[in-house]
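Novice:
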Amino acid sequence: MGLIEEHRMTRTVYLNGEYFLENEAKISIFDRGFLMADAVYEVTSVLDGKLIDFKGHADRLNRSLDELDMKNPIPYEELLTVHRELVRLNDIDEGLVYLQISRGAPSDRDFVYPNPDETDPTVVLFTQNKPGLANSPSAKKGLKIISIDDERWGRRDIKTVQLLYPSMGKMMAKKVGADDAWMVQDGYVTEGTSNNAYIIKNNKIVTRGLSNDILHGITRAAVLRFAKEAQMQVEERNFTLDEAYEADEAFITSASTFVMPVVEIDGNKIGHGLPGSNSSRLREIYLEESKKLAI
Ligand code: PMP
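In terms of numbering that gives the first Met the number 0, the sequence shown is numbered consecutively and its last residue is 294.
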């Protein structure tokens with residue numbers, strides 16, 4: 000058995016206030032996360048055993064819960080303690096902490112929300128060990144992207160576990176030998192299947208502005224802040240695929256990939272077909288600065 004499999008089998012996970020071995024944590028078949036994707040989630044990366052951008056993720060979690068009329072069952076300090084405890088128990092140096100809160104398990108299936116006084120939310124956290132996350136070979140090679148129609152629902156600003164379409168998008172990419180897909184709505188790129196999308200033209204970084212059309216990426220917020228601090232120009236506006244094909248550089252951001260260069264979109268080489276210098280620099284700045292701020 001390889002190290003990773005062994006880790007997977009012996010992971011300690013968190014469920015509703017208790018720690019369990021992963022195969023001993025059980026939830027109800029009536030859980031609304033399972034039946035209706037009535038759940039929200041967050042993914043926080045771990046570098047050098049510390050949490051990257053924890054506060055950003057905790058704040059967005061609160062916002063997602065608010066938008067769905069769910070109460071947050073776990074206060075900030077306790078959430079931080081559970082994250083840290085899982086990192087410690089599972090000996091994570093580089094990896095991810097996944098958190099999910101569902102509306103819980105009422106006694107039967109029903110479209111109507113259960114009374115929150117009678118049904119507690121289900122809170123689940125687990126770690127994913129990813130040695131080499133920061134030093135990923137993909138960052139040196141760059142990603143190949145295809146474009147697909149954005150066929151998701153209209154509240155992409157809420158981080159729900161309705162991930163079937165993004166999952167289909169990744170499979171469409173995989174089928175044609177690409178790494179990921181960017182989604183397009185009314186002629187404009189919205190975002191990647193699990194990341195925010197950017198192009199760079201004449202040294203200006205262009206990315207779609209915030210609205211209900213995209214997830215408000217925590218990495219996006221940090222990267223745009225660091226870019227401005229490094230005197231790079233940033234423009235938040237819609238961009239088309241044609242603009243992307245003609246861009247000097249392109250990249251994506253997410254908690255699990257940080258800043259990841261894109262070198263090909265729909266078979267068109269971006270710039271010289273290698274990770275661009277601005278994208279690579281942004282990746283370095285992001286990793287350096289966010290490690291300094293990690294808790
Ligand atoms: N957009 C989508 C659709 C995503 O799923 C994600 C990551 N979950 C992101 C953007 C990036 O967000 P973050 O930087 O907070 O990971």
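Just so you know, even glycine gets a beta-carbon here, dropped at the ideal spot from N, CA and C.
For R304, does the count of other Cβ atoms within 10 angstroms reach 16, so buried, or fall short, so exposed?
Specialist: Outside the modelled stretch of the chain, which goes from 0 to 294, sits residue 304, for which no answer is possible.
Novice: Let me know the secondary structure DSSP gives A38 once reduced to three states.
Specialist: DSSP places A38 in strand when its eight states are reduced to three.
Novice: If you reduce the DSSP assignment to three classes, tell me which class G191 lands in.
Specialist: Residue state, collapsed to three classes: strand.
Novice: Residues bridged to D148 by DSSP?
Specialist: Paired residues: V183.
Novice: Return the CA-CA distance between D265 and V42, expressed in angstroms with no decimal places.
Specialist: Cα to Cα, D265 sits roughly 28 Å from V42.
Novice: For the beta strand (DSSP E) containing A249, list its first residue and its last residue.
Specialist: Segment E248 to S253, the beta strand (DSSP E) holding A249.
Novice: Thinking just about the alpha-carbon of each residue, which of K54, Y40, A133 and G191 is nearest to the one in L67?
Specialist: Among K54, Y40, A133 and G191, the Cα nearest to that of L67 is on Y40.
Novice: By Cβ distance below 6 Å, which residues in the same chain neighbour M0 in space, the five residues on each side in sequence not counted?
Specialist: Caution applies to M0, whose pLDDT of 49 falls short of 50 and renders its modelled position unreliable; the value that the coordinates give is listed next. Around M0: no qualifying Cβ.
Novice: Considering just the uninterrupted stretch of the alpha helix (DSSP H) at P136, what are its terminal residues?
Specialist: P136 to K140 is the span of the alpha helix (DSSP H), which, as asked, contains P136.
Novice: Using a threshold of 6 Å, is the CB atom of G216 nearer than that to any non-hydrogen atom of the ligand PMP?
Specialist: Yes, the Cβ of G216 comes within 6 Å of a heavy atom of the ligand PMP.
Novice: For G272 versus E248, is the C-beta distance shorter than 7 Å?
Specialist: Cβ atoms of G272 and E248: not closer than 7 Å.
Novice: Identify the continuous beta strand (DSSP E) that holds I264 and give its terminal residues.
Specialist: F257 to I264 is the span of the beta strand (DSSP E), which, as asked, contains I264.
Novice: Contact defined as beta carbons within less than 8 Å: I believe V262 pairs with I251. What is the distance between those atoms, to the nearest angstrom?
Specialist: About 12 Å separates the two Cβ atoms, so there is no contact after all.
Novice: Within 10 angstroms of the Cβ of D116, are there 16 or more other Cβ atoms? Answer buried if so, exposed if not.
Specialist: Exposed.
Novice: I want to check one thing, is the minimum distance from the CB of K38 to the heavy atoms of the ligand PMP below 6 Å?
Specialist: The sequence given here places Ala at residue 38; Lys does not occur at that position. A38 Cβ: outside cutoff for every heavy atom of the ligand PMP.
Novice: Quick one: which unbroken alpha helix (DSSP H) runs of 4-plus residues sit fully inside the region 196 to 241? Chain order, please.
Specialist: Listed in chain order, they are 217 to 228.
Novice: Return the Cβ separation of R10 and E23 in integer angstroms, given the expectation that the two are a contact with Cβ distance under 8 Å.
Specialist: Actually they are not in contact, since the Cβ atoms of R10 and E23 sit about 11 Å apart, beyond 8 Å.
Novice: State the CB to CB distance for the pair L46 and A293, rounded to an integer number of angstroms; the pair is presumed to be in contact (CB under 8 Å).
Specialist: That pair is a contact at about 6 Å.
Novice: Taking three-plus beta-carbon pairs below 8 Å as touching, is the region 154 to 168 in contact with the region 130 to 141?
Specialist: No, the region 154 to 168 does not touch the region 130 to 141.
Novice: Check whether the Cβ of A57 lies closer than 6 Å to any heavy atom of the ligand PMP, and answer yes or no.
Specialist: No, since every heavy atom of the ligand PMP falls outside the 6 Å radius drawn around the Cβ of A57.
Novice: Determine the DSSP secondary structure at G94, reduced to helix, strand or coil.
Specialist: DSSP places G94 in strand when its eight states are reduced to three.
Novice: Can E190 be considered in contact with the ligand PMP, in the sense that its beta carbon sits closer than 6 Å to one or more heavy atoms?
Specialist: E190: yes, Cβ under 6 Å from the ligand PMP.
Novice: Under the assumption that V175 contacts I204 (Cβ atoms under 8 Å), give the Cβ distance between them as a whole number of angstroms.
Specialist: With a Cβ gap of about 28 Å, V175 and I204 do not count as contacting.
Novice: Terminal residues of the continuous beta strand (DSSP E) containing L60?
Specialist: No beta strand (DSSP E) holds L60; the alpha helix (DSSP H) holding it covers F53 to E66.
Novice: Can you tell me whether P120 is buried or exposed? The criterion is at least 16 other CB atoms within 10 Å of its CB, across all chains shown.
Specialist: Under this definition P120 is a buried residue.
Novice: Taking 6 Å as the cut-off, is the C-beta of S135 nearer than that to any heavy atom in the ligand PMP?
Specialist: No.
Novice: Please check the pair R207 and T189, which I expect to be a contact at CB under 8 Å, by giving their CB distance rounded to whole angstroms.
Specialist: With a Cβ gap of about 6 Å, R207 and T189 count as contacting.
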